[in-house]
Amino acid sequence: MVRVSVSHRPTPLASALALLLCGVSTAILAPTLDQRLAVVTALVGVGLVVASGRDIETPVPQGRLWTALGAALVLGSLVRSETLADPRQRVELLPGLVGMALVGLGVRPLRQRFARRLVSAGLAAMVVGVALVGVFEAAGPLRLLGATAAAIAAWDVAGHGISLGEQLRTDAETRAVELLHTGTTSAYGAVTVVVGLVVYENGASGLPLSALVLLLAAAVTLLALLYR
Amino acid sequence: MTVRTTGRWRGIVAVALFFVAVGILTDRPATLLVGVVGAGLAVYPRLSRPPTVALELERRLGERRPASGEPVTVTTRVTNTGDRTLADCRVIDGVPAMLSVATGSPRHAAVLGPGETTEFSYDVETEPGRHQFDPATVIARDVTGAHEVETTVAAGTEIQCADAVPELPVREQPDGHAGRLVTDDGGSGIEFHSVREYRPGDPMGRIDSKRWARTGELTTVEFREERPTSVLLLVDARAPAYRAAADGRPNAVAHCLAGVEQLVSALSDTRDAVGLAAFGRELCFRPPGVGTDHEAALWQLLATHPAFDATPPGRVRAGGGTERDDGDADLDRQATLLRKQLGSDTQVVVLSPLADERIVEAIRTLAAAGHTTTVISPDVTSEGSLGQRLARRERTVRLRALRGADVPVVDWDPGTPLGTVLLDEGRRRWSA
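Here it is as structure tokens:
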């Protein structure tokens, strides 16, 4: 009698791509070498935690060991980002790393039921990071737009992986679909970034605040209509 | 075919609004601009339509009539016959409920351009019996993942694995016509039973002429009567009965259905009248009968009636939407309805995993109403967690309760063929 181990975890490729996009998003915001190093360390750590959590075949102590190592790496990078001399650099790095860790816990997943919520929480953390950078550093549009698009793409890819895992289980062949989905979402995100930049460069500058408020009202109406 | 929106992009609107608000409030144009990216991605799912799904499915079996236990390779080919590309086409093959997948996965996702074909294969372990593949479930999403179309694609495939029940041991029972059940009652038959005083109306041929010649006394010879029985096979297919020993193993209802199929083919070789009934999604009842037409109707019922579905009710169909689950309030009503329709001389053979107390109650009521009742119970409990052990213990208690109520129970470990179990049981003359 064959015991079939059933795994409804998110598919590995989509999980990996989502984490990678999280890393890209954070790296776009954090330009210095120290910060990038922390991002890569965190990425490796989260990757270890995710991979060791999903491999059912590995004996338990070994799996725990890898998880502990991954968690240590993530914590190390978080501590590193906290101890950076420049408070600006901290703001750039910390929310992104927290978001990456949350997405990682979502695709591991910590709990099947909360997979999507954890991934969404990760997106929220990254979005807050982008907003903080935008507010406190008055950063240029390319960084903000790129980081946001990458974060949303990561969230989408992770969600796609979760739904594939739920419906088809991890042992099914799904790579082509995952790659196409990731590719299209990323490409569309890139297009919106480019459109945003073109609008920003060529658009009128020095708009009065009243015009902006009107624009905001119009945008809210438009979104509300689309949302329906 | 169901089309639904997954709503998975909904949250992005909040992201867009958040950036617009932060940008305005803090007077940072670049942050405001991020709202454009948010809005752009919020519109993204609107750019695509739900996919139109036109697929063809073909299954090839390594061996159409394998020996029992032999793994069979199933190769499924799915072809996109439509003229649009399916960016995210997920196929879940309808593996027969009784068969478990040994290697590979019966699930597959592919990008299918017009006219393109994808192929996947997996091995199933064969169990004795005839196994019909269910239609494959197809879930097609558009490239944004915002719309989802769920449909099924059928291809009639069947695996036949030889096995049969030699004979269903029927219990003794009063009244009836000539058949295979040899009774202790005197009457017409073959085997000598007794001699009794002549009563007016006794057939001439049964008068003991020698004794009449010798003594002038009229006596009638009685033979042991042989009667056919009328058997109703009753399947417990309520939601609690869809238990399996482990995830990925056939559930108890699938075992019961396989058992019923074997019993129907065994009984149709005899002169016994066979009927079919099920408790479950709805009451299914076909009164006992004989003949080819009746048998064909039984097979038809087994194949098509919703109560004989081996997939559990209320289970989340891939991607959301559950079937209606009425719960147990229905059982009493169905049992009463069945008792009303059932002829009093019909034996009932109940196939049930005895997964809850209510079915025990229903069986005892049936037995108390005068129907000779037997229970065949596939054992799908397992030794694992505390809960599993408790479930096994509870089932043992239920078995005992039924036996205490004079209802014989055949404890069937689905690992052994039903025929063997019944033969053993027949040898022991129903351990009551």
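If you read the protein sequences in the order shown, they are chains H and D.
Residue 106 in the working numbering sits at position 105 of the first sequence, with consecutive numbering throughout.
Residue 816 in the working numbering sits at position 194 of the second sequence, with consecutive numbering throughout.
Here a beta-carbon is modelled for each residue, glycine too, at the ideal position from N, C-alpha and C.
Since we're looking at a predicted model, the values are computed, not measured.
- For Ser727 of chain D, which three-state DSSP category applies? Here Ser727 of chain D sits in coil by DSSP.
- Query: Within the 8 Å Cβ cut-off, does Ser727 of chain D reach chain H?
  - Reply: At least one chain H Cβ lies under 8 Å of Ser727 of chain D.
- Query: Is Arg117 of chain H buried or exposed, if buried means 16 or more other CB atoms sit within 10 Å of its CB?
  - Reply: Its Cβ being crowded by 16 or more others within 10 Å, Arg117 of chain H is buried.
- Return the first residue and the last residue of the alpha helix (DSSP H) that Val136 of chain H is part of. Unbroken alpha helix (DSSP H) run through Val136 of chain H: Ala116 to Glu138.
- Are the stretch 886-905 of chain D and the stretch 924-931 of chain D touching, with three or more C-beta to C-beta distances below 8 Å? As far as the Cβ criterion goes, the stretch 886-905 of chain D touches the stretch 924-931 of chain D, which means the pair count is three or higher.
- Item | the stretch 879-890 of chain D touching the stretch 736-756 of chain D, judged by at least three CB pairs closer than 8 Å | Judged by Cβ distances under 8 Å, the stretch 879-890 of chain D makes contact with the stretch 736-756 of chain D, as three or more pairs qualify.
- Message: Measuring straight from C-alpha to C-alpha, what distance separates Gln963 of chain D and Gly897 of chain D?
- Response: Gln963 of chain D and Gly897 of chain D have their C-alpha atoms roughly 12 Å apart.
- So which of H:Ser53, H:Glu93 and H:Gly147 has the shortest CA-CA distance to Leu106 of chain H? Nearest option by C-alpha distance: H:Ser53.
- Under a three-way DSSP split, which group does Ser966 of chain D fall into? The three-state reading of DSSP puts Ser966 of chain D in coil, since its state is none of H, G, I, E or B.
- Thr994 of chain D versus chain H: which residues are under 9 Å apart at the beta carbon? For Thr994 of chain D, none of the residues of chain H pass the 9 Å Cβ criterion, the least Cβ distance being about 35 Å.
- Task: Would you please verify whether the beta carbon of Ile761 of chain D is less than 8 Å from any beta carbon of chain H?
- Result: Look at Ile761 of chain D: its C-beta is under 8 Å from a C-beta on chain H.
- Message: Please list the terminal residues of the continuous alpha helix (DSSP H) segment that includes Gly902 of chain D.
- Response: Neither: Gly902 of chain D is in no alpha helix (DSSP H) and is coded neither H nor E.
- Beta-carbon contacts of Leu669 of chain D that lie in its chain and below 8 Å, excluding the five residues immediately before and after: Beyond the five residues adjoining it in sequence on each side, Leu669 of chain D comes within less than 8 Å, by CB distance, of Thr766 in the same chain, given in chain order.
- Listing by chain order, which chain H residues have their CB less than 7 Å from the CB of Leu953 of chain D? What Leu953 of chain D touches in chain H: nothing, since even the nearest Cβ is about 30 Å away.
- Query: Given that Asp710 of chain D touches chain H, what residues does it touch there, using C-beta distances under 7 Å?
  - Reply: From the beta-carbon of Asp710 of chain D, the residues of chain H found nearer than 7 Å are Val178 and His182.
- Task: Verify the CB distance criterion: does Ala212 of chain H have a CB-CB separation below 8 Å to chain D?
- Result: For Ala212 of chain H, the answer is no, since every Cβ of chain D falls outside 8 Å of its Cβ.
- Query: If we call anything under 8 Å between Cβ atoms a contact, is Ala638 of chain D one with Leu124 of chain H?
  - Reply: Not closer than 8 Å, so no.
- Query: Does Ala218 of chain H have its Cβ less than 8 Å from a Cβ in chain D?
  - Reply: Taking 8 Å as the threshold, the shortest C-beta distance from Ala218 of chain H to chain D does not fall below it.
- Message: By the DSSP assignment, the beta strand (DSSP E) with Arg763 of chain D in it spans what residues?
- Response: Run containing Arg763 of chain D: Asp756 to Arg763, per the beta strand (DSSP E) assignment.
- Task: Consider the C-beta atom of Val40 of chain H and the heavy atoms of the ligand MN; say whether any pair is separated by less than 7 Å.
- Result: For the structure depicted, the ligand MN is absent and the ligand set is empty, with no information on it obtainable.
- Task: Would you list the residues sitting across from Gln782 of chain D in a DSSP beta bridge?
- Result: According to DSSP, Gln782 of chain D bridges with D:Arg752.
- Message: Checking 8 Å against the spacing of the C-beta atoms, do Gly662 of chain D and Thr193 of chain H come in under that value?
- Response: Going by C-beta atoms, Gly662 of chain D is nearer than 8 Å to Thr193 of chain H.
- Could you check where the alpha helix (DSSP H) with Arg893 of chain D kicks off and where it finishes? Segment: none, Arg893 of chain D is in no alpha helix (DSSP H) and carries neither H nor E.
- Query: So is Gly691 of chain D buried or exposed if we call it buried at 16+ other beta carbons inside 10 Å?
  - Reply: Answer is exposed; the Cβ neighbour count stays below 16.
- Same chain, Cβ closer than 7 Å to Pro672 of chain D, five either side skipped, listed in chain order: Cβ within range, chain order: Val625, Asp764, His769 and Val771.
- Query: When the Cβ atoms of the stretch 11-21 of chain H are set against those of the stretch 156-174 of chain H, are three or more pairs found closer than 8 Å?
  - Reply: Result yes; three or more Cβ-Cβ pairs closer than 8 Å.
- Does the beta carbon of Leu881 of chain D come closer than 8 Å to any beta carbon on chain H? For clarity, residue 881 of chain D is Gly in the given sequence; the question names Leu instead. Not closer than 8 Å to any Cβ of chain H, the Cβ of Gly881 of chain D fails to qualify, so no.
- Item | chain D within 8 Å of Gln36 of chain H, Cβ atoms only | Not closer than 8 Å to any Cβ of chain D, the Cβ of Gln36 of chain H fails to qualify, so no.
- Counting only beta-carbon atoms, is Val717 of chain D nearer than 8 Å to chain H? For Val717 of chain D, no Cβ of chain H is located within less than 8 Å of the residue's own Cβ.
- Message: Within 8 Å of any Cβ in chain H, is that where the Cβ of Phe742 of chain D sits?
- Response: Taking Cβ atoms only, chain H reaches closer than 8 Å to Phe742 of chain D, which makes this a yes.
- Query: For Arg112 of chain H, which residues in chain D fall below 9 Å Cβ to Cβ?
  - Reply: Those within 9 Å of Arg112 of chain H in chain D number zero; the least Cβ separation is about 17 Å.
- For Ile812 of chain D, count neighbouring C-beta atoms within 10 Å of its own C-beta (all shown protein chains included) and say buried if the count is 16 or more, exposed if not. Exposed, by the Cβ-count rule.
- Between the CA atoms of Val200 of chain H and Glu945 of chain D - distance to the nearest angstrom: The predicted model places Glu945 of chain D with a pLDDT of 45, which falls under 50 and marks its position as unreliable, so this point remains unresolved.
- Since Gly662 of chain D meets chain H, which of its residues come closer than 9 Å, beta carbon to beta carbon? Ordered by position in chain H, the residues that pass the 9 Å Cβ test against Gly662 of chain D are Ala150, Tyr189, Gly190, Val192, Thr193, Val194, Val196 and Gly197.
- Query: Straight-line CA distance for Leu721 of chain D to Leu683 of chain D?
  - Reply: Roughly 14 Å between the two C-alpha positions.
- Query: When we look at the beta-carbon of Ser873 of chain D and count the other beta-carbons within 10 Å, is it buried (16 or more) or exposed?
  - Reply: According to the sequence displayed, residue 873 of chain D carries Asn and not Ser. Classification for Asn873 of chain D: buried.
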